[in-house]
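Q:
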Amino acid sequence: MTELLFFLPLALFLGWLVRAGQRRRAAALADGGVAAVPVMLRQGARWRPGRLVVGAEPLVWRPFGRGAEVVLPAGPRVTGTRRPTLREAVRLNPRARIVTCGSDAGPLHLAVLPEELEAVLGALESG
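123 is the number that numbering that gives the first Met the number 0 gives to position 124 of the sequence shown; each next residue is one higher, with no gaps.
1. Within 10 angstroms of the Cβ of W15, are there 16 or more other Cβ atoms? Answer buried if so, exposed if not.
2. Mapping the DSSP letters down to three states, classify V127 as helix, strand or coil.
3. Measuring only the C-alpha atoms, how far is W46 from I97?
4. Can you tell which of P113, E117, R76 and A95 has the C-alpha that lies nearest to the C-alpha of T84?
5. Apart from the five residues just before and just after P48, which ones in its own chain have a Cβ nearer than 6 Å to its Cβ?
6. Under 7 Å Cβ to Cβ from Q21, same chain only, skipping five residues before and after it: list those, please.
7. Going by Cα to Cα distance, which pick from S102, S125, T80 and A122 is closest to A110?
8. By Cβ distance, which residues of its chain are closer than 8 Å to H108, with the 5 residues on each side in sequence left out?
9. Looking at the strands, I want to know which residues DSSP matches up with W46.
10. What are the boundary residues of the alpha helix (DSSP H) that includes P8?
11. Which value, in whole angstroms, describes the spacing of the CA atoms of R23 and E56?
12. Can you name the start and end residues of the beta strand (DSSP E) that V111 belongs to?
13. Are the beta-carbon atoms of L51 and A122 separated by less than 8 Å?
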């Protein structure tokens with residue numbers, strides 16, 4: 000019972016923080032500003048966490064940890080969205096949607112949560 004008294008307020012506080020970030024990003028994008036949306040980029044066989052800078056030209060993906068920024072190819076064509084396979088769901092959030100894009104530089108795969116999917120699709124189609 001004591002654990003519940005500790006973990007319930009903690010879970011509520013973390014949920015509030017996540018939702019506040021989503022509202023802040025949505026407000027920035029609605030005003031035509033720039034927002035950094037959390038996504039995972041597939042490089043080879045590896046999924047790397049980072050943020051996609053939406054509203055800036057060119058589209059840039061910034062990793063959370065070490066590593067250089069990745070400038071996404073110009074004019075990506077969204078070819079579809081799908082749920083992660085069982086193997087991918089081990090490394091990704093099972094709720095995530097994988098956005099596949101075609102470009103002159105090759106295929107591009109981004110994993111994004113459903114709450115941020117509309118912003119990412121809009122940025123990819125306009126970029």
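Heads up, the beta-carbon is just placed ideally off N, CA and C, and yes, glycines get one too.
This structure is a prediction, so every number in the text was calculated from the model and none was measured.
A: Reading from the atomic positions:
1. exposed
2. Summary: the structure shown does not reach residue 127, with the chain confined to residues 0 through 126, and so no result is reported for it.
3. 11 Å
4. A95
5. M39 and F63
6. E114
7. T80
8. L40, R41, I97, V98, T99 and C100
9. R41
10. T1 to A29
11. 20 Å
12. L107 to V111
13. yes
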